[in-house]
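J.: One structure, as structure tokens, below. Some questions next.
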Amino acid sequence: MYIFNSDIDNTLIFSYKHDIGPQKVNIELYKNREISFVTEYTYNLLSTVIEKTFFVPTTTRSIEQYSRIDWGGRAPEYALVCNGGVLLRKGIEDESWYRRSLEIAASAEVELNKAWYFLEGEPGRNFELRFIKNLFIFTKCIDSIKVIEKLKKLLDNSIVDIFNNNEKVYVIPKGLNKGSALLRFRDLYKKTLKIIAAGDSEFDISMSRVCDIFLAPCGSQAIFGNFENIVFMPGAGVFSDELLDYVIKIVE
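The opening position of the sequence shown corresponds to residue 808 in this note's numbering, with each subsequent residue numbered one higher.
Given below as structure tokens:
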């Protein structure tokens, strides 16, 4: 058996803004609105993946955001949320894991404080400033690209990672990345298992560097580079369908 660590958004599930075709299943409600979907094909394949792998969703989503996902009665036992800073087991937070994550985040306290004060005064910020679980900083800015350019000049980039995703801006301690979380999890629970991981963005690069097999979208070489363990999907269909097909071929 493999551990299967998969990013969620734009990897397995997609917002209402993405066209994934008419055959889809709503998987997330927010304020009575259907906001995220999976293809019917992915929805059906997930049952096999959950049965055949040790499936651990691995996401930058907060606990609250993750809890909105409806897995159709097949919720994975474990999930890594808050960029790996929080481990959930059956929806309950693992306190010892979180304490260790706080220790990791503390090493970046000076840089996080700098980022906080900078973003407090950023005129282009159009959302509240959040310190997610005292682990990393999140907000939204009108011109997020320009803001992260400023942050990269201001902060020590060897201590924190600075990301943007559309309007969203994140400042995250280097040690608090998804790749580190994968290794922490395996060391605690499944030391002998190999890891398959999947993701679509800069947040997932760290996973690609530590797993045995990494599944990436067609054409994403500029993000992930060309490494032997990375498999780029053909791009003939929806990313989630292709990657789950690939996982099932490996494990069966």
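Glycine included, every Cβ here is placed at the ideal spot set by N, Cα and C.
Return the residue from the list T860, D901, Q830 that minimises the CA-CA distance to E847.
T.: For E847, the closest alpha carbon among the candidates T860, D901, Q830 is that of Q830.
J.: I'd like to know whether the C-beta atoms of L942 and S908 end up nearer to each other than 7 angstroms.
T.: yes
J.: Here's the rule: buried if 16 or more other CB atoms are within 10 angstroms of the residue's CB, otherwise exposed. What is P1041?
T.: exposed
J.: Would you say V976 and C1018 are within 7 angstroms of each other, going by their C-beta atoms?
T.: no
J.: My output table needs one value for I969: the three-state DSSP class, helix, strand or coil.
T.: strand
J.: With DSSP as the reference, please indicate the residues paired to D816 in a beta bridge.
T.: I820
J.: Return the bridge partner residues of P864 from the DSSP annotation.
T.: According to DSSP, which records beta bridges pairwise, P864 is partnered with S813.
J.: Going by beta-carbon coordinates alone, are V967 and E935 separated by less than 7 angstroms?
T.: By the CB criterion at 7 angstroms, V967 and E935 fall outside the cutoff.
J.: Between the C-alpha atoms of E1059 and G931, what's the straight-line distance to the nearest angstrom?
T.: Rounded to the nearest whole angstrom, the C-alpha separation of E1059 and G931 is 50 angstroms.
J.: If you drop the 5 nearest sequence neighbours on each side, which residues of the same chain put their C-beta closer than 6 angstroms to that of T855?
T.: So the qualifying residues of the chain are I1055.
J.: Just to confirm my understanding: we take G898, look at its own chain, exclude 5 residues before and 5 after, and list those with CB closer than 8 angstroms. What are they?
T.: Around G898: S874, A882.
J.: Taking only the alpha-carbon atoms, compute the straight-line gap between D1011 and S1047 and give it to the nearest angstrom.
T.: 15 angstroms
J.: Measuring straight from C-alpha to C-alpha, what distance separates N1033 and A1005?
T.: 15 angstroms
J.: So, using beta-carbon positions, are T866 and V888 closer together than 7 angstroms?
T.: yes
J.: By the three-class DSSP mapping on this structure, what secondary structure does L1000 have?
T.: coil
J.: Which residues does DSSP pair with R840 in a beta bridge?
T.: Y837
J.: Look at I944 and K959 and say whether their C-beta atoms are less than 7 angstroms apart.
T.: no
J.: Any idea what DSSP makes of A913, helix, strand or coil?
T.: helix
J.: Taking the CB atoms as reference points, tell me whether K985 and M1014 lie closer together than 7 angstroms.
T.: yes
J.: Assuming contact is defined by CB atoms lying nearer than 7 angstroms, are D1052 and P1024 in contact in what I supplied?
T.: no
J.: Taking the straight line between their C-alpha atoms, what separation do you get for I876 and S822?
T.: 12 angstroms
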